[in-house]
Amino acid sequence: RERFVITGYGGIWTFRHRNSNKSIHQYMVDPLMRIIHQHPFGFYSGDDNGSVCFWSLGDIKIKVENYKPPLQNSEEYYELLKSKRRPKMKDYEEFMVYRLERTRDHTKLNIAPEELQNYLNPEQVLIIIRNDLERIFIWKGVNSHVREKFIASRVAADLQSDLVVNGHYHRCKIISVDQGDEPTGFLKAFGLDSMDYRETQKMKSSQELEDEKRQAFQESMKYVKEEKRAQASQHSEKGFEPLSSQLGIPGTSYTIQLGLINEKWAIRLLKGKKFIDS
2 RERFVITGYG
12 GIWTFRHRNS
22 NKSIHQYMVD
32 PLMRIIHQHP
42 FGFYSGDDNG
52 SVCFWSLGDI
62 KIKVENYKPP
72 LQNSEEYYEL
82 LKSKRRPKMK
92 DYEEFMVYRL
102 ERTRDHTKLN
112 IAPEELQNYL
122 NPEQVLIIIR
132 NDLERIFIWK
142 GVNSHVREKF
152 IASRVAADLQ
162 SDLVVNGHYH
172 RCKIISVDQG
182 DEPTGFLKAF
192 GLDSMDYRET
202 QKMKSSQELE
212 DEKRQAFQES
222 MKYVKEEKRA
232 QASQHSEKGF
242 EPLSSQLGIP
252 GTSYTIQLGL
262 INEKWAIRLL
272 KGKKFIDS
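Just add 1 to wherever you are in the sequence shown, counting from 1, and you've got our numbering.
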């Protein structure tokens, strides 16, 4: 189906199919798509203007008439998303730079675009946001730590998601930039010349290079394990905050429930009282 709406206590999801009108609002599309693929209960389109929508679950049908999505950044919008952050115009910046740490923390640098060249340290990884260009650049110094390089994409994606909540920002494309191999678009954006990595790269023995490769592998495996533990904790039953009573699926022993996990919408599937998936 091209479009449908799921409603429940505390929130509304509006889904847009890839072939449907791009003007339709979207709420929490990624977790919703995951639920649809895992548990396709059955969804039905609304009319042409989206004012009448249906959700079918077995013999149960929910009809929503005169549906009007809340304006983005309105009080109703943030009440639905249960968001603590309500961005204001004074928070809006076209240019932002963050210095990445090995712990995945990132520190914002209060600098102007013309000062950026002074902060391109070969030992560091920077995340540079240019909203006017719809780009997030990950600048990786040639001698920066392998862990910082490994986690940079995830941190940039988190920043991207945070900015999209603010209606003033685009969904910026993330681009990786290696010192000494900077793309032309990056150099032109900041009026820079390519930095010759041979001028800053450390001379290393073969043993040092082997040790670095071994450390890179160990750091990568450690990070993957940490991510898996974090995801398991996020999607555990303990972290689920129910916003509705359980809704039984006719003809089965399964029930579903709408709720929040870390302030993000989720649907929990249970069999009896046993947690199955979210």
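A virtual CB, placed ideally from N, CA and C, is assigned to each residue, including glycine.
Bear in mind that the values here come from a model prediction, so they are computed numbers and not experimental data.
Residues of its chain near residue i, where Cβ-Cβ distance is below 8 Å and the 5 sequence neighbours each way are ignored
| i | result |
| --- | --- |
| R19 | Low per-residue confidence applies at R19: pLDDT is 46, beneath 50, and the placement is therefore not dependable, though the value from the model is reported in the following sentence. Contacts found: none. |
| Q118 | F191, L193 |
| Q161 | I137, R172, C173, I175 |
| A158 | I175 |
| K223 | none |
DSSP bridge partner residues for residue i (one or two, in chain order)
| i | result |
| --- | --- |
| H107 | L101 |
| F138 | I129, I176 |
| F96 | R131 |
Buried or exposed by the 16-neighbour rule on C-beta atoms within 10 Å, applied to residue i
| i | result |
| --- | --- |
| S145 | buried |
| R148 | buried |
| G186 | exposed |
Cα-Cα separation between residue i and residue j, rounded to whole angstroms
| i | j | result |
| --- | --- | --- |
| L134 | Y99 | 17 Å |
| R105 | A153 | 8 Å |
| V156 | L121 | 18 Å |
| E102 | L188 | 24 Å |
| K226 | V178 | 26 Å |
| E116 | G260 | 45 Å |
| E220 | E94 | 34 Å |
| I130 | K109 | 11 Å |
| D212 | Y170 | 42 Å |
| I139 | D163 | 17 Å |
Any non-hydrogen atom of the ligand PLP closer than 6 Å to residue i Cβ
| i | result |
| --- | --- |
| A190 | Looking for the ligand PLP in the displayed structure turns up nothing, as the structure carries no ligands at all. |
Cβ shell of residue i (< 7 Å), same chain only, five flanking positions each side left out
| i | result |
| --- | --- |
| V165 | R172 |
| P114 | F96, F191 |
| E124 | G142, N144, S145 |
| H107 | Y99, R100, L101, I128, V156 |
| K150 | V126, K141 |
| I112 | V98, Y120 |
| Q216 | V147 |
| N132 | E95, Y170, H171, C173 |
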